[in-house]
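Notes to accompany the following structure.
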Amino acid sequence: MHEVGIMERTLEIAIDRARERGASQIHALKMRVGVLSGVVPDALSFAFDVAAQGTIAENARFEIESVPARCLCDRCGQEFEPVDIIFECPNCHQISANVASGKELELTSMEVA
Ligand SMILES: [Zn+2]
Numbered sequence: 011m012h013e014v015g016i017m018e019r020t021l022e023i024a025i026d027r028a029r030e031r032g033a034s035q036i037h038a039l040k041m042r043v044g045v046l047s048g049v050v051p052d053a054l055s056f057a058f059d060v061a062a063q064g065t066i067a068e069n070a071r072f073e074i075e076s077v078p079a080r081c082l083c084d085r086c087g088q089e090f091e092p093v094d095i096i097f098e099c100p101n102c103h104q105i106s107a108n109v110a111s112g113k114e115l116e117l118t119s120m121e122v123a
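Going by this note's numbering, the letters in the sequence shown line up with residues 11 to 123, in that order.
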């Protein structure tokens, strides 16, 4: 489960930033996770519980905002949500690897005290 490693690194950064602001506790953390990021939200939530133990983020509320996949067709410019691992444009059936969103994996907000 690589989510634990991802969460450990994310928490490290979050805790560093919180300390820079003179905070002694993190109350809430929010992440954006794209459906193509390779990260399973449930596993990430579980990883948070594990990785936050014994840190200033231990009692923080952890939220995940899921970002759907969007593709942009190279041929006709149609934006579409891929339904399969093959990103085929529903308009002209061109196979497109032009992913506009869905690969996000980022910390978007943090509340500290
Ligand atoms: Zn197209």
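Quick reminder that beta carbons are idealized off the backbone N, C-alpha and C, glycines included.
| Query | Result |
| --- | --- |
| By Cβ distance below 6 Å, which residues in the same chain neighbour R27 in space, the five residues on each side in sequence not counted? | none |
| Which whole-angstrom value describes the C-beta separation of F90 and C81, a residue pair presumed to lie in contact below a C-beta threshold of 8 Å? | 6 Å |
| Under DSSP, the beta strand (DSSP E) around S55 begins and ends at which residues? | Counting along the chain, S55 falls outside any beta strand (DSSP E), though it belongs to the alpha helix (DSSP H) covering 51-62. |
| Go through its chain and collect everything with a Cβ distance to I105's Cβ below 7 Å, but skip five positions before and after it. | I96, F97, E98 |
| Check this for me: beta carbons of E13 and L54, under 7 Å apart or not? | yes |
| Using a C-beta cutoff of 7 Å, does C83 count as contacting chain D? | This model lacks chain D altogether, as it is built from one protein chain only. |
| Return yes when at least one heavy atom of ligand 1 lies under 6 Å from the C-beta of C81, else no. | no |
| Since A38 is in the beta strand (DSSP E), which residue starts that stretch and which ends it? | 36-44 |
| Could you check what DSSP says for A123 in three-state terms: helix, strand or coil? | coil |
| Under the three-state reduction of DSSP, which class applies to T20: helix, strand or coil? | helix |
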